[in-house]
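What follows is one structure encoded as structure tokens, with my remarks underneath.
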Amino acid sequence: MGGFIMKLRQLIVLRKSLQLGNFWNSTFISSLLVLALNVASNSLLLFWGSQSHAQLLRNQTLELNCVHLFPIQMKYLEKHVNFTQVSTNMEFRTQDQLIKRLDPQKLYFMEKDVNQVHKIMSALFKKIQQKECGSIDQVEKLFEQRVKERVDYAKKYLGEKFVFNPKTKIILDPDHRKRAQSVGELNKFHESYLQYQISTYLATDMKVEEAKSQVVRNYERLIRRVHEMTKQDVWSNYLDSFARSLDPHSSYMSADALEDFEIQMRLSLEGIGATLSSQDGFTVIEQLIAGGAAYNSGKLKPKDKIVAVAQGEKGEFQNVIEMDLRDVVRLIRGTKGSKVKLKVLRKAAKETEHFEVVLVRDQIKLEDEAASVTYLDRTLDNVKKKIALIDLPSFYADNRKDGPSAARDMKKLLADINKNNADAVVLDLSTNGGGSLKDAVDIAGLFFATGNVVKQSQKSNASEQYEYEVLKDTDEQVDWTGPLVILISRVSASASEIVSGTLKDYKRAIVVGGDHTFGKGTVQSVEYLPPGLGAIKTTVGMFFVAGGNSTQHRGVNADIIWPSIYSSDEIGEKTLDYSLPPKKIKEFLSPSAYVTEGKNAWKPLQQAVIDKVNKKSLDRVSKSEDFKKVREEIAKIKKRGFDLIIGELLKDKSEKQKKDKLDGKPGTETSDPSADGAEGNLNLSREERKKKYLERADIQEALNVAHNLSEELTASSKNGHAESTVKELVKTSTVKPQGHAEKADD
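Numbering (this note's numbering), first residue to last: 13 to 758.
As structure tokens, then:
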């Protein structure tokens with residue numbers, strides 16, 4: 013548990029870096045299956061156009077250039093919910109985002125450099141309109157110069173006289189640290205940062221000299237990547253910075269990023285079925301997917317290093333050592349049925365093995381990212397209940413014919429749950445960052461009859477005033493009429509907030525977990541640009557759940573709150589740069605959603621029932637050893653503030669190892685109950701990962717709540733309180749109950 017403080021800090025810093033599109037991290041996980049950054053976490057998505065753009069990428073006709081920048085900027089302003097024209101303030105914000113994109117850790121640019129960037133980029137939009145992009149080039153050259161200076165300083169500091177100092181203090185979060193005012197001040201911070209970098213390697217039992225070599229190699233790779241930046245990379249950086257000057261969720265996707273994005277939403281690709289990472293210049297296999305070509309070959313293992321790639325059995329090998337991971341992935345991906353040959357290095361007990369393997373690319377289904385159900389028997393107070401646990405990692409969708417859909421998969425799961433006579437359902441959205449708006453609407457509608465789910469504000473082209481589009485569930489069938497518990501955390505965002513917020517407003521479910529969700533209440537559209545130029549993602553509206561609230565900033569509050577490391581002021585929409593302000597409109601609950609008789613009848617939850625279940629849950633949580641550890645970690649974080657003493661990383665690891673040894677456990681990492689435990693577990697089999705998932709304290713307590721809720725609702729039915737439940741609802745709402753489902757109204 014001790015190491016989780018470091019993980020949380022890294023998560024917060026990484027989250028901010030990823031929000032800015034930072035790609036300067038020396039090591040990151042990518043995948044042949046799915047983009048490492050959960051694209052859905054930043055978007056509630058609408059799609060413009062119906063066919064896959066990836067097919068067009070194979071015949072690219074354009075290459076992003078300076079002449080494209082101004083027209084693409086105007087594309088954003090045509091649809092953005094808040095902005096219609098450029099301004100001086102927007103120009104400053106674009107510069108600010110570009111600076112943060114290049115240097116999110118405040119390691120390269122001093123305060124005077126920032127001022128120089130603003131000076132270089134003065135009248136920026138006018139220059140770009142005139143197809144003059146020299147100022148952007150100047151900023152990139154300044155950045156390259158500063159990176160070279162830091163690389164040189166790192167090598168010098170990590171020389172023979174280097175001494176590791178575990179008492180070094182550092183503030184990692186750049187939002188709580190000012191930029192250096194001088195070279196001397198920057199050197200001082202850089203020394204602390206290097207001590208921190210060394211400590212992360214020492215925490216893996218590496219010796220100091222080896223750790224120094226690793227850090228130096230990381231810096232050398234960094235400067236090489238900076239030197240190898242293309243003009244297209246430079247223009248992409250600028251466009252993404254412009255987009256993020258509008259709000260945190262508008263962004264620019266290059267052609268490569270767009271292909272990754274489509275894979276994420278489709279949950280499938282044509283490849284070999286392996287997850288890769290970049291480590292010390294090598295492309296390393298992290299995980300093999302059951303059923304994929306890599307797994308079926310029987311020749312590859314996790315931790316194998318891919319050193320060269322060839323197309324077909326007779327193709328020439330291309331060395332991929334020190335190659336950017338995205339480029340390696342591009343070489344390995346390919347058309348279904350085609351062959352790819354890998355040259356692999358494996359570290360064995362006595363010697364290093366080198367071998368080659370030919371794999372036939374196939375359609376890979378990303379099953380781990382799809383909705384799934386697990387049935388668990390739960391006994392409390394000598395009463396046994398069957399609970400169906402649905403894990404929904406994202407709201408995926410593929411608008412091609414018969415493509416995967418989270419809503420269709422959920423409907424099938426609920427049919428199976430009914431067939432298996434489950435007593436209650438837990439819907440786990442605790443790590444779900446969002447995705448398809450349509451699927452969110454359809455999934456919410458699975459739990460009530462026809463009715464309004466969400467209103468989306470949009471800009472009227474005619475008057476530039478806001479209009480509101482109501483999105484409804486039109487399927488009269490209620491796919492699950494029984495007790496429903498929704499598990500959330502501050503990581504739950506966007507589409508997750510629509511489903512949890514709407515079902516809470518209709519009194520259809522108990523929401524449990526962290527204090528509230530992320531607080532992202534905006535909608536994005538993805539619009540394809542001509543082939544080769546990628547796509548733009550633009551915030552086109554704000555959404556409101558049926559009770560009238562926008563989830564922007566406030567999120568969806570849990571009915572039953574448990575301790576969570578993620579319940580931090582550092583995590584949430586309101587912490588992001590240029591986040592749009594929240595709003596509220598009149599509630600628009602639909603009477604037709606409520607059904608009091610027949611096979612589609614369901615019971616709106618009374619507050620008295622929620623209070624009873626809450627009391628039982630909090631009593632269990634107060635006695636839980638797992639939740640006790642979380643409270644202790646939260647207390648440590650508050651006590652330490654933002655200063656990190658790097659020696660504590662090693663101390664925490666040592667204490668964890670000692671405890672595991674006493675407990676007879678292997679050296680596994682304990683994490684917050686609301687974390688999915690995926691980090692560091694990529695080498696585990698699917699069964700092992702599922703086992704760890706089910707052991708999570710928040711999962712276990714959500715199952716307990718579902719049991720209690722089922723008991724309470726069963727008792728109320730026996731006592732004849734079903735009708736009074738609806739009457740109680742009518743007293744506090746404009747809704748009138750229906751005997752059967754009717755057409756949704758506004």
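Backbone N, C-alpha and C define an ideal beta-carbon position, used for all residues, glycine too.
#1: Could you tell me the alpha carbon to alpha carbon distance between E585 and K484, rounded to whole angstroms?
#2: What does the alpha-carbon distance come out to for the pair F556 and D252?
#3: Does the separation of the CB atoms of V625 and N720 fall below 8 Å?
#4: Within the continuous beta strand (DSSP E) that includes V372, where are the two ends?
#5: For V717, is the classification buried or exposed, using 16 other Cβ atoms within 10 angstroms of its Cβ as the cut-off for buried?
#6: Helix, strand or coil: which one does DSSP assign to I284?
#7: Which residues in the same chain as F82 place their Cβ atom closer than 6 Å to its Cβ, once the five residues preceding and following it in sequence are excluded?
#8: Compare the C-alpha of V220 against each of P575, I210, D336 and name the closest.
#9: Can you tell me the Cα-Cα spacing of E713 and I429, whole angstroms?
#10: Is it buried or exposed for L651, if we count other Cβ within 10 angstroms and need 16 for buried?
#11: Under a Cβ-count criterion, where at least 16 other Cβ atoms within 10 Å of its own Cβ denotes burial, should S501 be classed as buried or exposed?
#12: Relative to the C-alpha of E232, which residue among G285, E161, L288 is closest?
#13: Using a Cβ-Cβ cutoff of less than 6 Å, which residues in the same chain neighbour L76 once the five nearest sequence positions on both sides are dropped?
#14: Return the chain-ordered list of same chain residues with a C-beta closer than 8 Å to the C-beta of N432, the five sequence neighbours on each side being excluded.
#15: Within this structure, are the beta carbons of L119 and Y250 separated by less than 8 Å?
#16: Could you tell me whether the Cβ atoms of A269 and S262 are closer together than 8 Å?
#17: Can you give me the C-alpha to C-alpha distance between K351 and K87, rounded to a whole angstrom?
#18: What does the alpha-carbon distance come out to for the pair L114 and K153?
#19: Under 8 Å Cβ to Cβ from P593, same chain only, skipping five residues before and after it: list those, please.
#20: Please list, in chain order, all residues of the same chain as F155 whose beta carbon is under 8 Å from its beta carbon, the five residues on each side excluded.
#21: Taking C-beta to C-beta, are P495 and A570 nearer than 8 Å?
#22: Do I522 and I622 have their C-beta atoms closer together than 8 Å?
#23: Which residue comes first and which comes last in the alpha helix (DSSP H) that contains T514?
#24: Quick check on Q109: buried or exposed, where buried means 16 or more other Cβ atoms within 10 Å of its Cβ?
#25: Could you spell out the range, first to last residue, of the beta strand (DSSP E) harbouring E328?
#26: Does the distance between the C-beta of D428 and the nearest non-hydrogen atom of the ligand SAM fall short of 7 Å?
#27: Take the Cβ of L74 as the centre, count every other Cβ of all protein chains shown within 10 Å, and call the residue buried at 16 or more, exposed below.
#28: Excluding the 5 residues preceding and the 5 following G324 in the sequence, name in chain order all residues of the same chain whose CB lies nearer than 8 Å to its CB.
#29: Where D440 and L136 are concerned, what is the direct C-alpha to C-alpha distance, given to the nearest angstrom?
#30: So, with DSSP's three-state summary, where would you put A48?
#31: Judging by CA-CA distance, which residue of L617, P260, A507 is the nearest neighbour of S729?
#32: Measuring CB to CB, does F294 end up less than 8 Å from I333?
#33: Let's see if you can read the secondary structure: which residues bound the alpha helix (DSSP H) around A418?
Let me lay it out:
#1: The sequence position of residue 585 within the sequence shown is 573, counting from 1. The sequence position of residue 484 within the sequence shown is 472, counting from 1. Answer to the nearest angstrom: the Cα atoms are 26 Å apart.
#2: Your numbering for residue 556 matches position 544 in the sequence shown. Your numbering for residue 252 matches position 240 in the sequence shown. Linking F556 to D252 through their CA atoms gives a straight-line distance of about 27 Å.
#3: For the purposes of this step, residue 625 is taken as the residue at position 613 of the sequence shown. For the purposes of this step, residue 720 is taken as the residue at position 708 of the sequence shown. Contact annotation: V625 and N720 have beta-carbon atoms nearer than 8 Å.
#4: As a first step, residue 372 must be located in the sequence shown, where it is residue number 360. Here the beta strand (DSSP E) through V372 covers 364–372.
#5: In the sequence shown, residue 717 corresponds to position 705, counting from 1. By the 10 Å Cβ count, V717 comes out buried.
#6: Within the sequence shown, residue 284 is the residue found at index 272, counting from 1. DSSP places I284 in coil when its eight states are reduced to three.
#7: Numbered from 1 along the sequence shown, position 70 holds the residue referred to as residue 82. Hits under 6 Å: I140, Q141.
#8: The sequence position of residue 220 within the sequence shown is 208, counting from 1. Among P575, I210, D336, the Cα nearest to that of V220 belongs to I210.
#9: As a position in the sequence shown, residue 713 is number 701, starting the count at 1. As a position in the sequence shown, residue 429 is number 417, starting the count at 1. A direct Cα-to-Cα measurement between E713 and I429 gives close to 20 Å.
#10: Position 639 of the sequence shown, counted from the first residue, corresponds to residue 651. With the sequence shown as reference, residue 651 is identified as Lys, and Leu is not the correct amino acid for it. K651 should be labelled exposed.
#11: Taking the sequence shown and counting its residues from 1, the one referred to as residue 501 is at position 489. Classification for S501: buried.
#12: By 1-based counting over the sequence shown, the position of residue 232 is 220. Among G285, E161, L288, the Cα nearest to that of E232 belongs to E161.
#13: Looking up residue 76 in the sequence shown gives position 64. Q244, W247, L545, listed in sequence order.
#14: Residue mapping note: residue 432 aligns to position 420 of the sequence shown, counting from 1. Only Y387, K398, A400 meet the Cβ criterion.
#15: Locating residue 119 in the sequence shown gives position 107, counting from the first residue. Locating residue 250 in the sequence shown gives position 238, counting from the first residue. Not in contact: L119 and Y250 (Cβ atoms no closer than 8 Å).
#16: Within the sequence shown, the letter at position 257 stands for residue 269. Within the sequence shown, the letter at position 250 stands for residue 262. No. Outside cutoff.
#17: Position 339 of the sequence shown, counted from the first residue, corresponds to residue 351. Position 75 of the sequence shown, counted from the first residue, corresponds to residue 87. Roughly 40 Å between the two C-alpha positions.
#18: For the purposes of this step, residue 114 is taken as the residue at position 102 of the sequence shown. For the purposes of this step, residue 153 is taken as the residue at position 141 of the sequence shown. Each residue's Cα considered, the two are about 12 Å apart.
#19: What you label residue 593 is simply residue 581 of the sequence shown in a count that begins at 1. The beta carbon of P593 lies closer than 8 Å to those of Q564, H565 in the same chain, with the five residues before and after it left out.
#20: Position 143 of the sequence shown, counted from the start, is the residue given in the question as residue 155. Correct list, in chain order: L114, D115, Y120, F121, V238.
#21: The count along the sequence shown starts at 1 and reaches residue 495 at position 483. The count along the sequence shown starts at 1 and reaches residue 570 at position 558. No, the Cβ-Cβ distance between P495 and A570 is not below 8 Å.
#22: On the sequence shown, position 510 is the one that residue 522 refers to. On the sequence shown, position 610 is the one that residue 622 refers to. Yes, they are a contact pair.
#23: In the sequence shown, counting from the first residue as 1, residue 514 sits at position 502. Counting along the chain, the alpha helix (DSSP H) containing T514 begins and ends at 507–517.
#24: Within the sequence shown, residue 109 is the residue found at index 97, counting from 1. Buried, by the Cβ-count rule.
#25: Numbered from its first residue, the sequence shown carries residue 328 at position 316. Run containing E328: none; DSSP gives neither H nor E here.
#26: This structure lacks the ligand SAM; in fact it carries no ligand of any kind.
#27: If you number the sequence shown from 1, residue 74 lands on position 62. So L74 ends up on the exposed side.
#28: Here residue 324 is taken as the residue at index 312 of the sequence shown, counted from 1. Only S350, K351, V352, K353 meet the Cβ criterion.
#29: Within the sequence shown, residue 440 is the residue found at index 428, counting from 1. Within the sequence shown, residue 136 is the residue found at index 124, counting from 1. About 46 Å.
#30: Your numbering for residue 48 matches position 36 in the sequence shown. Its pLDDT being 26, under 50, A48 is placed unreliably in this model, and the value from its coordinates should be taken loosely. Three-state result, A48: coil.
#31: Start at 1 with the first residue of the sequence shown, and residue 729 comes out as number 717. Of L617, P260, A507, the residue nearest in Cα terms is L617.
#32: Residue 294 sits at position 282 when you count from the first residue of the sequence shown. Residue 333 sits at position 321 when you count from the first residue of the sequence shown. A contact, by the Cβ cut-off of 8 Å.
#33: The count along the sequence shown starts at 1 and reaches residue 418 at position 406. It spans 418–431 - the alpha helix (DSSP H) in which A418 sits, taken as one unbroken run.
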